[in-house]
Each structure stands twice: as structure tokens, then as C-alpha cells.
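At position 268 of the sequence shown the residue is numbered 266 (this note's numbering), and the sequence of numbers has no breaks.
Here a beta-carbon is modelled for each residue, glycine too, at the ideal position from N, C-alpha and C.
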Amino acid sequence: PGNTDDVSDDSDAGDETVETPNGDGTTDSDPTNDPTVTTLTPAPSLSVIKTVRVAGSVLNDVIEYDIVVTNTGNVTLTDIEVTDANADAGSIVGSPILTLAPGVSVTVTANQTIEQTDIDAGYIENSATATGDSPGNTDDVSDDSDAGDETVETPDGDGTTDSDPTNDPTVTTLTPAPSLSVIKTVRVAGSVLNDVIEYDIVVTNTGNVTLTDIEVTDANADAGSIVGSPILTLAPGVSVTVTANQTIEQTDIDAGYIENSATATGDSPGNTDDVSDDSDAGDETVETPDGDGTTDSDPTNDPTVTILDINTELTLVKTGITSGSNVGDIITYTFTVTNTGDVVVSNIVIDDMLTGSVNLVVTPSTLAPGEQGIATAEYAISQNDINNGEVMNSATVMGEDPNGDIVIDVSDNGDETVDDNGDNDPTNDETITDIEQLPNLALTKTGIYVDANGDDLPNVGDEIQYTFTVTNTGNVDIVNIILTDPLTDIVLTGGPIDLLVGETDTTTFTATYVLTAEDVLLGEVLNQATVTGQDPNGDDVIDLSDDPINTTDVDLDNDGDAEDETVTIIEGVFTDEDDPIIVYTGISPNGDGVNDDFRIVGLNNFPDNTLRIYNRWGVQVFEEEGYEQPGVELFKGISNGRVTISQKNELPVGTYYYVLEYINARGLNTYKAGYLYINR
């Protein structure tokens, strides 16, 4: 008492005799002042919620996340580290959180850039983790983020769950848009049959997901020519070039173009053959017509068209073979049609005015390039053709190309490099079929002795009247026909005339000849006339006359008619035809002892005789009086004539004429004459 605040005591927990530890377990060796300790249980915990603040949907978009970290325990946490395995490097802001009292929240941010694998998957599935220290511990408190509501199970990106609604990943759904673009262009062009067109087929992934197993097909490509397919994988925006070849075929040339498309088909993630595109010719915003000019209002699938060089051409060659050179003989024409173009030509026919052929069908009537067709026609030769010496004309061939256009050609004679008709086009020369011209005239000359003074004796001044028959025995008409006769002082009348083939004239030409003393002495007149005319070419046609009475028929010019000289016998009216005179008119003086002499049987009974022998020109080659009389030399084919004939020379083989003058049994002067043939 009397003091103030002089008595003091620290409380004890209850028993001042027993030492009770402090809350942290320590003691001070004084059992009277132990603090009263109430033990509290620490419950450290965290909650992490990750949500999208700024979304993204396409490649390289950046998704911005808010990661809210809340101290849901009853102790303050320190050194809280937020990690995110998928966050872009360096993008986590606000971590670490140095201290976080219970009930307090702190927002950390993070970014993630969308990658191709994300789009291929169709989503981004993302979680963050916060790890901190409770009092007295290290990294003992941790939580994986949830998408927002930790009482509701949210499926993962692939739709699965784990029965824990507190750790659902934050899922951003990405919409896959798989697509392809195929552009087909010509790298190496072609234009004619069997050329090879080389194509580039550019396949581009125009979608947002990676495509795999892309197969490029081309129904028209040459077998085995597609190179670069399949494409195993193709990322968005990436292009790969596949190549293909196509050989130009006849059907392509017939169409005039090659129309060609390719198709690319691939797999998007999780699917098979779900992405496909038909090729376009180059610009998928512009409609390009098909080869036939049509469109389908879709500018993305236009076929690649290659226009081909088309050469539509037929070549017609016309040749003729004649069966003869007379009127009515047949020329057989052969028409050879060749398809010298590069497209099929059909409905091929020939028109030929000469033969009267209209739409003459060629066999075959459809020709592929290089093929030939044949047709034939006949033509009967006319006299005008023979007079011309040829038949000349052209034909025309017509056909249709695959477009229905007419293909036409005028015939040539076979050599299309030579311009025979001079029109500067060597391909259309007329076909000329030569017809052999055989111009020929046949002339016969007949003489009739006329006793001009009627004294029944041959005298100077008596006449021979000649008639002439002219026949056109050739195959062409002959004009300006005239006669000439070398007989001295003959009076020839008539002409000129024209004769058609086969025509004969017997009245136009006549002649009169007055006998001379030499003629009377010879007892005959030997002579030939000459006929001359012009054929259609203006060339002379000449023939020597023939004696139609003479059957020897010697054809000197091998023209089919004889040219025997006309012999007109001057006979006395008192000739006794009963005189037994036999003349053998042929000898063969070759020394074999047989028929070496000219013998006249019975002439030995008429010693008063004279024998004269003449050659064909009227020149005397032999004369003998008292022929067949003893001691008189016989004719052995040796001349003893006048000086123009070499005496003692053997006469040539040929026809000669004898004239025998003798006094017959009645005492009358008698003549015999005829042909004599020498053959050695």
C-alpha cells in the first residue's frame, strides 16, 4: 500500500509451476509467465482463372489472355510465379506476384500467337499455372487455371473432360477453311499431230489448314506423264507445281483444239478427300470460254484450251488410159484423192463435166490425213478428140471438214511441182490424154485405053482415061486433098477436097493421057499418082496410088494399103487369045539351076518377036529379039538396057514389067504384057 503500480505480474497460461511453450514453441524457463496460446490452422490456396481478353481466329493473330490469380486461402502468399507453356516468349506480364493476401486478386496478362498447327487442330487449348509460397514454405501452393467457372466442367478442345471442373483449359475455337486452287497452263506448246504439249499444274493451298495426300489427276494426260503427284503435305499459302504431258491426236486436230483440265483432291485434318478443285486456265476471276466457245458462268474452272493449226486440204490427181484411138474407144479415168491436210475429211465426191460425173462417190468417202480414196469414170472418144490428138480437162473434188466447211480442189495431172498450163499454179494442170493420130490416105488409079480414032489399032493420039478413088483410111479428118501425077502431058482435073474419116471420093479427080509413039511401042503405060492432104495438125499426108487390078499389093510404106503402079495395057484388037503362049512371071536367078531364066513357053513357035523388060520407073532394063529362039540369050535378071542402067549388073529384087510383041499364027501383030518378079 502507499505505492502506485508497484505490484505487477505477467499472466501465466494456468499452472505457474509448469513451463508452457510460446506459440512458436519456445520457452523462457519461467513457468509463471507463459502466454496463453490459441493454435490457428493455416489453409493456403490459390485460384487461377484464364479468359480471353482479345480474341484471334487466323494464322498469326495474337490472342491476349487475362490470368486472374486469387488468394483463396487464409494465409498470405508470396513469390507467386505464373507460367504458361503456350504463351509467346516474354509476353507474360505481372508475374511474379511478390505478396498476395488472402482474398486478394491480381491479374497477370499473356499473349499467344495462332500457329498453323492450331488452325489445323481447329482450336487453341491453353492453361496457365500459378505457384507460390505459403508462410514458412516454398512453392507449396499451386493451381492450374480454369476457363472461368470452377463449378462447371468445361470440355477440352477435343471435347473430353476429366471430371475436375476447376482446371478446364481455356479453349479458343478456330474455324478451319480448307480449300485448293489449281491453275493449269501450257509450258511447251504443240500444234500438229503427235506434238507433245507440256503443262504446268500449279496447286495452291488457299485455305487455312494444312492439306495432305493431294492427288492430281488429268484424264487426258499421257499415261505416266504426271510428275509431282501426290503432294504429301501442303501448308496454307504454299504452291507446288505438278507437270503433265498430252500428245496431240487426230481427234484433237479434227476438233481444232485441245481442251484439258486437271483436278486436285486432298485431305484436310481429320478428313479424307474432302478438298478438291478443278483447274482453271489462269485467272479465276475471268471467265474463259471452252474450246467450242461455251462458258458455264464459273470463272474458276475454265479448261486450258490450246488452239491447233488446222490445214484442211484435199489433192486430186486425174489420170487417163485409153483403150484405142478410134471413135467410141474408151478412156478410163482414175481419180486419186489424197487427204493432204491434217483433219479428217468426209462426204468426198467428184464432179467431172467431161464424163458427166456429178457427185461421183470416192471410195472410201471419208479420209483421215494421209489416206487415199479412188473413183473411176469412163469417156467415149469422139472424132473431134482424135482430130485434136488429145482429150484435156479437169475434175473437182469436194468434201467436208469436221466443222462442216467445204474442202475443194481442182485436179492436177500428177506432178504438182510443174506448172504445165502456165497459170502460176502447178497444182491444177489439166489432165491430157493423148490419142494417137493415124492420118492415112489410100489412092487407087485405074486406066482405060480409048481407041480415039476407032481404027481398032493402037496409035499415037489414042488416049488413056484415068479415074481415081481417094479414101480417108486414117482416124483423123483430112483437108485440102489434091492429086499430082508425074506422067508427062497428063491432064488432071478436080480438087481440092476434104474427107472425113472413112469417107471415099470416086468422082472428083480424073485425068486424060494421050499416047505417044513410045507408049505404043511399049504396049503399056506404067505410072503412079500421088495424093496429098493435111491432117488436123497441118502436116502433109501422102500416098502413092495403087493399081486395084494388080493383086500383088506391095505395101511400100506399111500403111495397110498397097502401092502397086498402075499398068494400062495397050492391046491390039486382033490379038489371038488362043495363041499357046504361057509366061512364067517369076524367076529366082540365084545359080541353083532352078527357075534361073525368064521362060515363055510356046514363044519358040513365033520367032518374029521382041521382048522388053522395064523397072518400076518405066526404064527399060532388057531387050531381046527372037526370044526363046536357038542361040538367043535368055533373061537371067541381068540388065542389058540403055545407058542409065549399068549393063551386066544384076537387077535388084523387085517387081518388073515385061512387054512381048510378036507376030501370031494369023500374021497379026500381037502384044502381051504383065508383071515379072525377081527374087534371089
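Measuring straight from C-alpha to C-alpha, what distance separates residue 654 and residue 332?
Translated into the one-based positions of the sequence shown, residue 654 becomes position 656. Translated into the one-based positions of the sequence shown, residue 332 becomes position 334. Between the C-alpha atoms of residue 654 and residue 332 there is a straight-line separation of about 55 angstroms.
So what does DSSP say about residue 516, is it helix, strand or coil?
To locate residue 516, count along the sequence shown from 1; it is residue 518. Secondary structure of residue 516 (DSSP, three-state): helix.
Separation of residue 156 from residue 103, as counted between CA atoms
Residue numbering aside, residue 103 sits at position 105 when the sequence shown is read from its first letter. Residue numbering aside, residue 156 sits at position 158 when the sequence shown is read from its first letter. If you draw a straight line from the Cα of residue 103 to the Cα of residue 156, it comes to about 31 angstroms.
Return the Cβ separation of residue 78 and residue 129 in integer angstroms, given the expectation that the two are a contact with Cβ distance under 8 angstroms.
Along the sequence shown, read from residue 1 onward, the residue named residue 78 stands at position 80. Along the sequence shown, read from residue 1 onward, the residue named residue 129 stands at position 131. Beta-carbon to beta-carbon, residue 78 and residue 129 are separated by about 7 angstroms, close enough to satisfy the 8 angstroms threshold.
Counting only runs of 3+ residues fully inside the region 259 to 288, write out the beta strand (DSSP E) ranges in chain order.
Listed in chain order, they are 261 to 265, 273 to 276.
Check the C-beta distance from residue 563 over to residue 524 and give it rounded, since I have them as a contact under 8 angstroms.
Locating residue 563 in the sequence shown gives position 565, where the first residue counts as 1. Locating residue 524 in the sequence shown gives position 526, where the first residue counts as 1. Between residue 563 and residue 524 the beta-carbon gap is near 5 angstroms, inside 8 angstroms, which marks them as a contact.
Below 8 angstroms between beta carbons: does that hold for residue 586 and residue 664?
For this step, residue 586 is matched to residue 588 along the sequence shown. For this step, residue 664 is matched to residue 666 along the sequence shown. Their beta carbons are not under 8 angstroms apart, which means residue 586 does not touch residue 664 by this criterion.
Whole-angstrom Cβ separation of residue 194 and residue 245, contact assumed at under 8 angstroms?
Here residue 194 is taken as the residue at index 196 of the sequence shown, counted from 1. Here residue 245 is taken as the residue at index 247 of the sequence shown, counted from 1. Confirmed, about 5 angstroms.
Does the Cβ-Cβ distance between residue 348 and residue 365 come in under 8 angstroms?
Here the question's residue 348 lines up with position 350 in the sequence shown. Here the question's residue 365 lines up with position 367 in the sequence shown. No; because the gap between Cβ atoms is not below 8 angstroms, this pair is not in contact.
The region 20 to 31 / the region 83 to 98 touching (three or more Cβ pairs under 8 angstroms):
Too few Cβ pairs lie closer than 8 angstroms, so no.
Determine the extent of the beta strand (DSSP E) in which residue 114 is found, giving its start and end residues.
Numbered from its first residue, the sequence shown carries residue 114 at position 116. Element bounds for residue 114: not the beta strand (DSSP E) but the alpha helix (DSSP H), 114 to 119.
Collapsed DSSP secondary structure at residue 386 in the structure displayed:
For the purposes of this step, residue 386 is identified with residue 388 of the sequence shown, where counting begins at 1. Residue state, collapsed to three classes: helix.
Per DSSP, what are the beta-bridge partners of residue 122 in this structure?
If you number the sequence shown from 1, residue 122 lands on position 124. Partner(s): 170.
Do residue 636 and residue 648 have their C-beta atoms closer together than 8 angstroms?
Within the sequence shown, numbered from 1, the residue matching residue 636 stands at position 638. Within the sequence shown, numbered from 1, the residue matching residue 648 stands at position 650. With contacts defined as CB atoms closer than 8 angstroms, residue 636 and residue 648 qualify as a contacting pair.
Can you find at least 3 beta carbon pairs, one from the region 379 to 393 and one from the region 306 to 319, that sit closer than 8 angstroms?
Under the 8 angstroms Cβ criterion, the region 379 to 393 counts as touching the region 306 to 319, having at least three qualifying pairs.
Exposed or buried, what is residue 385 when buried is set at 16 or more other beta-carbons lying within 10 Å of its beta-carbon?
The residue labelled residue 385 in the question sits at position 387 within the sequence shown. Its Cβ being crowded by 16 or more others within 10 Å, residue 385 is buried.
What's the gap between the Cα of residue 380 and the Cα of residue 533?
The residue you call residue 380 lines up with position 382 of the sequence shown. The residue you call residue 533 lines up with position 535 of the sequence shown. Approximately 16 angstroms, taken between the alpha carbons.
Pick helix, strand or coil for residue 253, following the three-state DSSP scheme.
In the sequence shown, residue 253 corresponds to position 255, counting from 1. Look at residue 253 here: in three-state DSSP terms it is helix.
Just mark residue 498 as buried or exposed, buried being the case when its beta carbon has 16 or more other beta carbons within 10 Å.
Start at 1 with the first residue of the sequence shown, and residue 498 comes out as number 500. Residue 498 should be labelled exposed.
Where are the beta strand (DSSP E) runs, 3 residues long or more, that stay fully inside the region 122 to 167, in chain order?
Within the region 122 to 167, the beta strand (DSSP E) runs of at least 3 residues that lie entirely inside it are, in chain order, 127 to 131, 139 to 142.
Determine whether the beta carbon atoms of residue 439 and residue 468 lie at a separation below 8 angstroms.
In the sequence shown, residue 439 corresponds to position 441, counting from 1. In the sequence shown, residue 468 corresponds to position 470, counting from 1. The answer is yes: Cβ separation under 8 angstroms.
With DSSP run on the structure shown, which of helix, strand or coil describes residue 248?
On the sequence shown, position 250 is the one that residue 248 refers to. In the structure shown, residue 248 sits in a helix (DSSP, three-state: H, G or I).
Helix, strand or coil for residue 603? Go by DSSP, reduced to three states.
Residue 603 sits at position 605 when you count from the first residue of the sequence shown. Residue 603 sits in a helix when the DSSP states are folded into three classes.
Short check: CB of residue 11 to CB of residue 33, under 8 angstroms?
Start at 1 with the first residue of the sequence shown, and residue 11 comes out as number 13. Start at 1 with the first residue of the sequence shown, and residue 33 comes out as number 35. Contact flag set, yes.
Helix, strand or coil: which one does DSSP assign to residue 435?
For the purposes of this step, residue 435 is identified with residue 437 of the sequence shown, where counting begins at 1. The answer is coil: DSSP assigns residue 435 none of H, G, I, E or B.
For residue 675, which beta-bridge partners are listed by DSSP?
Locating residue 675 in the sequence shown gives position 677, where the first residue counts as 1. Partner(s): 584, 653.
Excluding the five sequence neighbours on either side, which residues of its own chain have a C-beta within less than 8 angstroms of the C-beta of residue 451, listed in chain order?
Residue mapping note: residue 451 aligns to position 453 of the sequence shown, counting from 1. Counting only Cβ-Cβ distances below 8 angstroms, and skipping sequence neighbours, we find 457, 459, 460.
For residue 381, which of helix, strand or coil comes out of DSSP?
Numbered from its first residue, the sequence shown carries residue 381 at position 383. In the structure shown, the three-state DSSP call for residue 381 is helix.
Cutoff 8 angstroms: residue 32 Cβ touching any chain C Cβ
Looking at the structure shown, chain C is missing, and only one protein chain is on hand.
What's the gap between the Cα of residue 310 and the Cα of residue 298?
Locating residue 310 in the sequence shown gives position 312, counting from the first residue. Locating residue 298 in the sequence shown gives position 300, counting from the first residue. Near 34 angstroms, if we compare the C-alpha coordinates of residue 298 and residue 310.
Suppose contacts are defined by Cβ-Cβ distances below 8 angstroms. Is residue 253 in contact with residue 424 by that definition?
Here residue 253 refers to the residue found at position 255 of the sequence shown. Here residue 424 refers to the residue found at position 426 of the sequence shown. Going by C-beta atoms, residue 253 is not nearer than 8 angstroms to residue 424.
Which class does residue 634 belong to by DSSP, given the choice of helix, strand or coil?
For the purposes of this step, residue 634 is identified with residue 636 of the sequence shown, where counting begins at 1. Residue 634: coil per DSSP, three-state reduction.
According to the neighbour-count rule (16 or more other Cβ atoms, all chains shown, within 10 Å of its Cβ), is residue 75 buried or exposed?
In the sequence shown, the residue the question calls residue 75 occupies position 77. Per the 10 Å Cβ criterion, buried.
Would you call residue 407 buried or exposed, if buried means 16 or more other Cβ atoms sit within 10 Å of its Cβ?
Counting from one through the sequence shown, the residue named residue 407 turns up at place 409. Residue 407 counts as buried, since no fewer than 16 other beta carbons sit within 10 angstroms of its beta carbon.
If you reduce the DSSP assignment to three classes, tell me which class residue 14 lands in.
Working through the sequence shown from its first residue, we reach residue 14 at position 16. Under the three-state reduction of DSSP, residue 14 is assigned to coil, being neither helix nor strand.
Between the alpha carbons of residue 404 and residue 338, how many angstroms are there, rounded?
Residue mapping note: residue 404 aligns to position 406 of the sequence shown, counting from 1. Residue mapping note: residue 338 aligns to position 340 of the sequence shown, counting from 1. In a straight line, the C-alpha of residue 404 is about 15 angstroms away from that of residue 338.
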